[in-house]
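The structure under discussion appears below in the form of structure tokens.
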Amino acid sequence: MNASAIEQLDPSQRSLNWLTDLFRTTFCGIQMAQRWVDLVLFEKLMDEVFPELVVEIGTWEGGLSLYLRMLTLQRKNPFHTFDILPPRREGNPLWKVLRMEECFTQEDVFGSGSVLRKLLASDRPAVLLLCDGGNKAREVREFALLLRPGEVIGAHDWGNEIGAADVRPLVEAEQLIPFWLPQCEAINSLWRFWVRG
Ligand SMILES: C[S@@+](CC[C@H](N)C(=O)[O-])C[C@H]1O[C@@H](n2cnc3c(N)ncnc32)[C@H](O)[C@@H]1O
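Residue 3 is where the sequence shown starts when you use our numbering, and the numbers rise one by one after that.
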């Protein structure tokens, strides 16, 4: 449905569309490629997984990044987000208020000397790694093996950009153990999570 078709909808349909269309969703007015209901997953993950560091691959406009920054700031934990492109900061005063520059690295995460690779390989706190960049299957395959047992990795766009065949070798080798599938399915989320075995 294009933008003008949406304007034709009656207001109740318009807000329903906003709830389900990944590319019309905003957090505090900044676009995020998520459904709003996905945010509840991260809210709960903070309290059930207790990550000491949250890392997002794929900042895009930064809506989800702002939310994750708030969740981690509140817990006095670091957050880091990576994108090959710079996010648009105009019209995003929260980017400055939340000191997002400290959390953002512009790079190709697959580069051999990438900051992400070095960060994951370093002596760092326990991470929650969220794969939402340009190639989710490759992100999970390459970065899952840099995690430590018990750490959690998530991938977005399940069924569209990544599927069971992409993670099967890691799951069969018990390097990744499916985690929170009922929670994701209950809210019809496109996120999937695994614990590093
Ligand atoms: C689906 S969007 C991220 C959505 C964002 N997490 C959100 O919830 O709003 C994917 C992002 O990955 C970035 N990207 C693509 N390839 C990349 C790479 N090799 N390294 C880092 N970022 C990459 C793109 O520039 C794009 O902004």
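Virtual Cβ for every residue (Gly too), placed ideally from N, Cα, C.
For residue i, collect the residues of the same chain with a Cβ closer than 8 Å to its Cβ; drop the 5 residues on either side in sequence, then sort them by chain order.
{"i": "D125", "result": "none"}
{"i": "V42", "result": "I189"}
What first and last residue would you give for the alpha helix (DSSP H) that runs through residue i?
{"i": "V111", "result": "From DSSP, V111 is part of no alpha helix (DSSP H); its letter is neither H nor E."}
{"i": "E103", "result": "No alpha helix (DSSP H) holds E103; DSSP gives it neither H nor E."}
{"i": "V142", "result": "138 to 146"}
{"i": "V99", "result": "95 to 99"}
{"i": "P171", "result": "166 to 174"}
{"i": "L192", "result": "No alpha helix (DSSP H) contains L192, which DSSP labels as neither H nor E."}
{"i": "L149", "result": "L149 -> no alpha helix (DSSP H), and no H or E assigned at all."}
Which class does residue i belong to by DSSP, given the choice of helix, strand or coil?
{"i": "E45", "result": "helix"}
{"i": "G156", "result": "strand"}
{"i": "C133", "result": "strand"}
{"i": "V197", "result": "strand"}
{"i": "Q33", "result": "strand"}
{"i": "E187", "result": "helix"}
{"i": "D2", "result": "Outside the modelled stretch of the chain, which goes from 3 to 199, sits residue 2, for which no answer is possible."}
{"i": "T27", "result": "coil"}
{"i": "G65", "result": "helix"}
{"i": "D40", "result": "helix"}
{"i": "R119", "result": "helix"}
Any idea if residue i is buried or exposed, counting beta-carbon neighbours within 10 angstroms, 16 or more meaning buried?
{"i": "E58", "result": "buried"}
{"i": "T83", "result": "buried"}
{"i": "V169", "result": "buried"}
So residue i and residue j are supposed to be a Cβ contact under 8 Å. How far apart are they, rounded?
{"i": "F106", "j": "G65", "result": "The pair is not a contact, with the Cβ atoms about 14 Å apart (cut-off 8 Å)."}
{"i": "R140", "j": "F112", "result": "7 Å"}
{"i": "L192", "j": "G161", "result": "7 Å"}
{"i": "Q177", "j": "L147", "result": "7 Å"}
In chain order, what residues of the same chain lie with their CB nearer than 7 Å to the CB of residue i, ignoring the 5 residues before and after it?
{"i": "V179", "result": "The amino acid occupying residue 179 in the given sequence is Ile; Val does not appear at that position. For I179, where only same-chain residues beyond five positions count, the Cβ hits under 7 Å are W196, V197, G199."}
{"i": "K138", "result": "A157, H158, D159, E163, I164"}
{"i": "F81", "result": "V56, L70, R71, T74, C105"}
{"i": "W38", "result": "L21, T27"}
{"i": "D134", "result": "E58, I59, G60, H158"}
Beta strand (DSSP E) containing residue i: first to last residue?
{"i": "R126", "result": "Per DSSP, R126 belongs to no beta strand (DSSP E) and is neither H nor E."}
{"i": "E58", "result": "55 to 59"}
{"i": "L178", "result": "178 to 181"}
Who are the near neighbours of residue i in its chain, counting only those whose CB is closer than 6 Å to its CB and skipping five residues on each side?
{"i": "I86", "result": "D110"}
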